Amino acid sequence: MIAIIDYKMGNLRSVAKAFELVGAEVEVTAAKTKLRKAKALVLPGVGAFAAGMKNLRALKLIPEITDAVAEGKPFLGICLGMQLLLTESEEHGRHKGLNFIPGKVVRFRSNLKIPHMGWNTIEKIQNKNSVGAALAPARILNGVKDGSYFYFVHSYYVKPKGSNVILAKTEYGQKFACVIGKDNVYGIQFHPEKSSDLGMKILRNFCKMCGEINS
Amino acid sequence: MLAKRIIPCLDVKDGRVVKGINFLNLRDAGDPVEQAAMYSREGADEVVFLDITASHEHRKTMLEVVKRTAEEVFIPFTVGGGIKTLADMEIILRKGADKVSVNTAAVKKPQLIKQGSRKFGNQCIVVAIDAKQKLSAISHKPLAKQWEVYVYGGRNPTGIDVLEWAKKVEQLGAGEILLTSMDRDGTQVGYDLELTKAVSEAVRIPVIASGGAGNLPHLYDGLFQGKADAVLAASIFHYGTYTIGQAKQYLRRRGLAMRR
Chain A
1 MIAIIDYKMG
11 NLRSVAKAFE
21 LVGAEVEVTA
31 AKTKLRKAKA
41 LVLPGVGAFA
51 AGMKNLRALK
61 LIPEITDAVA
71 EGKPFLGICL
81 GMQLLLTESE
91 EHGRHKGLNF
101 IPGKVVRFRS
111 NLKIPHMGWN
121 TIEKIQNKNS
131 VGAALAPARI
141 LNGVKDGSYF
151 YFVHSYYVKP
161 KGSNVILAKT
171 EYGQKFACVI
181 GKDNVYGIQF
191 HPEKSSDLGM
201 KILRNFCKMC
211 GEINS
Chain B
1001 MLAKRIIPCL
1011 DVKDGRVVKG
1021 INFLNLRDAG
1031 DPVEQAAMYS
1041 REGADEVVFL
1051 DITASHEHRK
1061 TMLEVVKRTA
1071 EEVFIPFTVG
1081 GGIKTLADME
1091 IILRKGADKV
1101 SVNTAAVKKP
1111 QLIKQGSRKF
1121 GNQCIVVAID
1131 AKQKLSAISH
1141 KPLAKQWEVY
1151 VYGGRNPTGI
1161 DVLEWAKKVE
1171 QLGAGEILLT
1181 SMDRDGTQVG
1191 YDLELTKAVS
1201 EAVRIPVIAS
1211 GGAGNLPHLY
1221 DGLFQGKADA
1231 VLAASIFHYG
1241 TYTIGQAKQY
1251 LRRRGLAMRR
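Protein sequence lines correspond, in order, to chains A and B.
Going by this note's numbering, the residue at position 53 of the first sequence is 53; the numbering climbs one at a time, nothing skipped.
Going by this note's numbering, the residue at position 38 of the second sequence is 1038; the numbering climbs one at a time, nothing skipped.
This is the structure we're talking about:
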């Protein structure tokens, strides 16, 4: 079972349905017993960074998910959920994140329209110093070609400290990390659950990597 | 490169798709979820549902449509029509819509845009603007580059200037503007390119052009001359005049980035 962390940040339903479509058993939950039982945790979410952290804190979920990550449980953050993985964000002030992946969340500073909204292409980054063979992060993009389109909606983007965690980049005024992975922690800036067939492919890869589905 | 978007719009009444001509004469055209799924398969980049009678009637049926769409369609979708409060926004977003579009309520209470964007994120809040060219009080001829905001499904003028309003909604936190030309809506003679360009250049949030598309060159003009980020169309896709795939192929041939 894959647990989708219900921290009241919207959009959880479509994520759950997309995982079901690729064959996973899904629970949308904030219950600790269920989070413990899950093969993997997914933190989706749309909304403001500070509100996301506030909700995680109010539901007392931070120690729980921090332990799960430390134990090696696969953890996927999508959109806001990805940004929360970083150390801090400058969205409406300065706010601390979960710090699973060192780095910052910053606002686009270009003369292009904000939010960066719509379908954009990704460029895969080949990392040489990859981690554990069983969960090599790049596998999350198996079968996804360079130049594939995914659906983005965001005004802030992540700037991880080490470039070796970047699995793919997208260009919008400048290049930014759109898929990151470090050990058992993954972040995706675009919305796989809204990116039609290719988005499903990524969710299927994640489910395979955490043993939720076989083929 | 960020692609331009093609967004079919489904006008929904009592849970069924209808087609609007100048917002009045309506014709039944099927199940909204089925249609949205079909458009997604054809390569639509997003889908918009406008609950066109929601300002006057109850909206439970629409919530059921939203829920089913979220379960069956895996591209973004926006729901608009009759959204008056933060609570209205929340229930639609919780049912699985990606964005909500506000029109009349935003004009009556602009703080709704601010509160909604703070609570749900700017990207969730689309402000729909129904624009009509102003006429000279003396000659009754259209006044160049002057448009007025209309509300209540295009029935009531507000006296508000469209460009001023567009800038204001951006300031208040709108993530996107859905700009409909009342003069062109349902006419199939093409988007109001002057209006679209003027609004696109006045704000730094994405603008969706709407109202008047009748053929593929119209879509191109809206995106290229009108500088819109996306085009909304109903009739040309609805009755099978063109498929989304044909439209994209056409626009790609003319040099625009379109998702494959």
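Cβ coordinates follow ideal geometry from the N, Cα and C atoms, glycine included.
A quick note: this is a predicted structure, and the numbers were derived from the prediction, not measured.
For residue i, three-class secondary structure by DSSP
{"i": "residue 1249/B", "result": "helix"}
{"i": "residue 206/A", "result": "helix"}
{"i": "residue 1163/B", "result": "helix"}
{"i": "residue 1051/B", "result": "strand"}
{"i": "residue 1021/B", "result": "For residue 1021/B, the predicted structure reports a pLDDT of 36, less than 50, and the residue's modelled location is therefore unreliable. A value from the coordinates is still provided. Residue 1021/B: coil per DSSP, three-state reduction."}
{"i": "residue 218/A", "result": "There is no way to answer for residue 218/A, as the model of chain A reaches only from 1 to 215."}
{"i": "residue 117/A", "result": "strand"}
{"i": "residue 1004/B", "result": "strand"}
{"i": "residue 1238/B", "result": "helix"}
{"i": "residue 95/A", "result": "strand"}
{"i": "residue 1268/B", "result": "This structure gives no information on residue 1268/B, because the portion of chain B shown stretches from 1001 to 1260."}
{"i": "residue 1148/B", "result": "strand"}
{"i": "residue 86/A", "result": "coil"}
{"i": "residue 1090/B", "result": "helix"}
{"i": "residue 1258/B", "result": "strand"}
{"i": "residue 175/A", "result": "strand"}
Partners in chain A for residue i, counting only beta-carbon separations shorter than 8 Å
{"i": "residue 1001/B", "result": "120, 121 and 171"}
{"i": "residue 1070/B", "result": "13, 14 and 17"}
{"i": "residue 1253/B", "result": "Correct list: empty, because the minimum Cβ distance to chain A is about 18 Å."}
{"i": "residue 1229/B", "result": "113, 117 and 118"}
{"i": "residue 1205/B", "result": "113, 114 and 115"}
Chain-ordered chain B contacts of residue i [CB-CB under 8 Å]
{"i": "residue 149/A", "result": "1003, 1259 and 1260"}
Any chain A beta carbon closer than 8 Å to residue i
{"i": "residue 1082/B", "result": "no"}
{"i": "residue 1224/B", "result": "no"}
{"i": "residue 1118/B", "result": "yes"}
{"i": "residue 1185/B", "result": "no"}
{"i": "residue 1052/B", "result": "no"}
{"i": "residue 972/B", "result": "Outside the shown range of chain B, which is 1001 to 1260, sits residue 972/B, and nothing can be said about it."}
{"i": "residue 1088/B", "result": "no"}
Interface partners of residue i on chain B, CB under 9 Å
{"i": "residue 95/A", "result": "Here the premise fails: no neighbours, minimum Cβ distance about 14 Å."}
7 Å Cβ cut-off: residues of chain A touching residue i
{"i": "residue 1031/B", "result": "Going along chain A, no residue has its Cβ under 7 Å from residue 1031/B, so there is no contact; the nearest lies around 18 Å."}
{"i": "residue 1176/B", "result": "117"}
{"i": "residue 1096/B", "result": "13 and 14"}
{"i": "residue 1008/B", "result": "The premise fails here: residue 1008/B is roughly 15 Å from chain A at the closest Cβ pair, so nothing lies under 7 Å."}
Neighbour flag for residue i against chain B, beta carbons, 8 Å
{"i": "residue 208/A", "result": "no"}
{"i": "residue 110/A", "result": "no"}
{"i": "residue 194/A", "result": "yes"}
{"i": "residue 158/A", "result": "no"}
{"i": "residue 155/A", "result": "yes"}
Where residue i falls, given that 16 or more other Cβ within 10 Å makes a residue buried
{"i": "residue 146/A", "result": "exposed"}
{"i": "residue 1104/B", "result": "buried"}
{"i": "residue 1156/B", "result": "exposed"}
{"i": "residue 175/A", "result": "exposed"}
{"i": "residue 1189/B", "result": "exposed"}
{"i": "residue 1028/B", "result": "Interpretation of residue 1028/B is limited by its pLDDT of 46, a score under 50 that renders its predicted location unreliable; the figure taken from the coordinates is listed afterwards. Classification for residue 1028/B: exposed."}
{"i": "residue 1013/B", "result": "buried"}
{"i": "residue 212/A", "result": "buried"}
{"i": "residue 66/A", "result": "exposed"}
{"i": "residue 115/A", "result": "buried"}
{"i": "residue 1069/B", "result": "buried"}
{"i": "residue 40/A", "result": "buried"}
{"i": "residue 92/A", "result": "exposed"}
{"i": "residue 111/A", "result": "exposed"}
{"i": "residue 1001/B", "result": "exposed"}
{"i": "residue 109/A", "result": "exposed"}
Beta-carbon neighbours of residue i, restricted to chain B and to distances below 7 Å
{"i": "residue 199/A", "result": "1074"}
Neighbour flag for residue i against chain C, beta carbons, 8 Å
{"i": "residue 104/A", "result": "Among the protein chains in the structure shown, which are A and B, there is no chain C."}
| field | Interface residues of the region 1036-1050 of chain B facing chain A [CB-CB below 7 Å] | value | 1040 and 1045
| Relative to chain A, which residues along the region 1120-1143 of chain B have a C-beta separation below 8 Å, given in chain order? | 1120, 1121, 1122, 1123 and 1124
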